[in-house]
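When the letters of the sequence shown are read in order and numbered with this note's numbering, they come out as residues 23 to 211.
A virtual CB, placed ideally from N, CA and C, is assigned to each residue, including glycine.
This report refers to the structure that appears directly beneath it.
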Amino acid sequence: FEGKPPAKYIGRITAEVLRLTSLMNDILLLGRIESGRIPFNPVATDLKEFVLEILDANRFDPTEGRRLLFAIEGVSRPVMVDPMLLNHILVNLLSNAFKYSRGKPAPELILTYRDGCTAIIVRDHGIGVPKDEIEKVFESFFRASNVENIQGTGLGLAIVKQFVEMHHGTISIENTHGSGITITVSLPS
Ligand code: ATP
Ligand code: MG
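Structure, rendered in structure tokens:
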């Protein structure tokens, strides 16, 4: 073509630039984690408010507009978390939950206050992860064999795991009964 490129190319180029930027940011972030250059500044936080702010600030499901189901169990109390890191953790988990469950019921987030720890449970009803691959999802660049044309680089959960461990927390994954996966982040408190 001559002159101005058609709008459809501009859209595609923009999408690719965004994708590459996010890939580069994730690679740089992993490098900074590895060299111990991510600050950890925990502050006492109301996790309910924190989750609501994240839902306000992000559009997790632009194509279908599904809304996250959000529930709280137990008696709430402030939890010591680093806001930057926890934001990254939750945005990643919720993005995955929506991205891998298109056309299925909306994902859920359950905040559970337990004795000595607070669990953040993200459950979806999507494509799930084949049983023999489920333990690999926290490895960098790992993508399961069933992702087909759903885009990603396999870095999100590797970063999430590092950030959870900086909180001295744990993260685990299991198959959701029926379909999809459930990820549990457990933070000491
Ligand atoms: P990105 O780096 O953009 O996040 P990604 O989503 O592929 O790319 P991860 O978030 O690290 O990478 O997830 C690793 C892999 O684990 C995914 O490629 C996918 O196979 C699987 N996975 C993660 N979350 C889910 C989910 N909610 N449902 C099904 N599979 C998932
Ligand atoms: Mg991801």
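(message) Please return the same chain residues whose Cβ sits closer than 6 Å to the Cβ of E155, not counting the five positions on each side in sequence.
(response) As a working note, residue 155 is residue 133 in the sequence shown. Cβ within range, chain order: A166.
(request) Identify the continuous beta strand (DSSP E) that holds Y135 and give its terminal residues. (result) Here residue 135 refers to the residue found at position 113 when the sequence shown is read from its first residue. That run of the beta strand (DSSP E) goes 130–135.
(request) Taking only the alpha-carbon atoms, compute the straight-line gap between D78 and E24 and give it to the nearest angstrom. (result) The sequence position of residue 78 within the sequence shown is 56, counting from 1. The sequence position of residue 24 within the sequence shown is 2, counting from 1. The straight-line gap separating the alpha-carbon atoms of D78 and E24 is approximately 42 Å.
(request) Please work out which residues of its chain come closer than 8 Å, Cβ to Cβ, to L107, disregarding the five sequence neighbours upstream and downstream, and give them in chain order. (result) Your numbering for residue 107 matches position 85 in the sequence shown. The answer, listed in chain order, is I60, F62, F185, M188, H189.
(message) Is G87 close to the ligand ATP? I mean its beta-carbon at under 8 Å from any heavy atom of the ligand.
(response) Locating residue 87 in the sequence shown gives position 65, counting from the first residue. The answer is no for G87.
(request) Starting from P105, follow the alpha helix (DSSP H) in both directions and report where the run begins and ends. (result) What you label residue 105 is simply residue 83 of the sequence shown in a count that begins at 1. Counting along the chain, the alpha helix (DSSP H) containing P105 begins and ends at 105–121.
(request) To the nearest angstrom, report how far apart D100 and T67 are at their CA atoms. (result) Stepping through the sequence shown from its first residue, residue 100 is reached at position 78. Stepping through the sequence shown from its first residue, residue 67 is reached at position 45. At residue 100 the sequence reads Pro, which differs from the Asp that was named. Spanning the two alpha carbons is a distance of roughly 5 Å.
(message) So for T198, helix, strand or coil by DSSP?
(response) As a working mapping, residue 198 is identified with position 176 in the sequence shown. Correct three-state label for T198: coil.
(request) Note down the Cα distance separating K153 from T85, rounded to an integer number of angstroms. (result) Position 131 of the sequence shown holds residue 153. Position 63 of the sequence shown holds residue 85. If you draw a straight line from the Cα of K153 to the Cα of T85, it is about 28 Å long.
(request) Rounded to whole angstroms, what's the CA-CA distance from L90 to E130? Just pull it up for me. (result) Here residue 90 refers to the residue found at position 68 when the sequence shown is read from its first residue. Here residue 130 refers to the residue found at position 108 when the sequence shown is read from its first residue. Cα to Cα, L90 sits roughly 6 Å from E130.
(message) Taking 8 Å as the limit between beta carbons, can you name the residues of its chain near E95, skipping five residues before and five after?
(response) Along the sequence shown, one-based indexing puts residue 95 at 73. So the list reads I132, L133, T134, Y135, once near-sequence residues are dropped.
(message) Given the structure, does S44 come close to the ligand MG, in the sense that its CB is under 8 Å from one of the ligand's heavy atoms?
(response) Translated into positions along the sequence shown, residue 44 becomes position 22. Checking the Cβ of S44 against the ligand MG gives no.
(request) Return the CA-CA distance between E38 and S117, expressed in angstroms with no decimal places. (result) On the sequence shown, residue 38 is found 16 positions in, with the first residue counted as 1. On the sequence shown, residue 117 is found 95 positions in, with the first residue counted as 1. If you take the alpha carbons of E38 and S117, they lie about 18 Å apart.
(request) Please confirm whether any heavy atom of the ligand MG lies closer than 8 Å to the CB of F114. (result) Numbered from 1 along the sequence shown, position 92 holds the residue referred to as residue 114. Here the sequence assigns Asn to residue 114, which means Phe is not the residue at that position. The answer is yes for N114.
(message) So, at 6 Å on beta carbons, what are the nonlocal neighbours of I111 in its own chain, with the 5 sequence-adjacent residues on each side left out?
(response) What you label residue 111 is simply residue 89 of the sequence shown in a count that begins at 1. These residues qualify, in order along the chain: V182, F185.
(request) Tell me whether V151 counts as near the ligand ATP, meaning its Cβ is closer than 8 Å to at least one heavy atom of that ligand. (result) For the purposes of this step, residue 151 is identified with residue 129 of the sequence shown, where counting begins at 1. At least one heavy atom of the ligand ATP is nearer than 8 Å to the Cβ of V151, so yes.
(request) Could you tell me the distance, in whole angstroms, from the CA atom of L40 to the CA atom of R34? (result) Within the sequence shown, numbered from 1, the residue matching residue 40 stands at position 18. Within the sequence shown, numbered from 1, the residue matching residue 34 stands at position 12. Looking at the two C-alpha atoms, the distance is approximately 10 Å.
(message) Whole angstroms are fine: how far does the CA of E75 sit from the CA of L65?
(response) Working through the sequence shown from its first residue, we reach residue 65 at position 43. Working through the sequence shown from its first residue, we reach residue 75 at position 53. In the sequence on display, residue 65 carries Val and not Leu. Whole-angstrom Cα-Cα distance: 16 Å.
(message) I need the DSSP call for V151, collapsed to helix, strand or coil.
(response) As a working mapping, residue 151 is identified with position 129 in the sequence shown. It is coil, neither helix nor strand.
(request) Count the other CB atoms, across all protein chains shown, that sit within 10 Å of the CB of K30; report buried if there are 16 or more and exposed otherwise. (result) If you number the sequence shown from 1, residue 30 lands on position 8. So K30 ends up on the exposed side.
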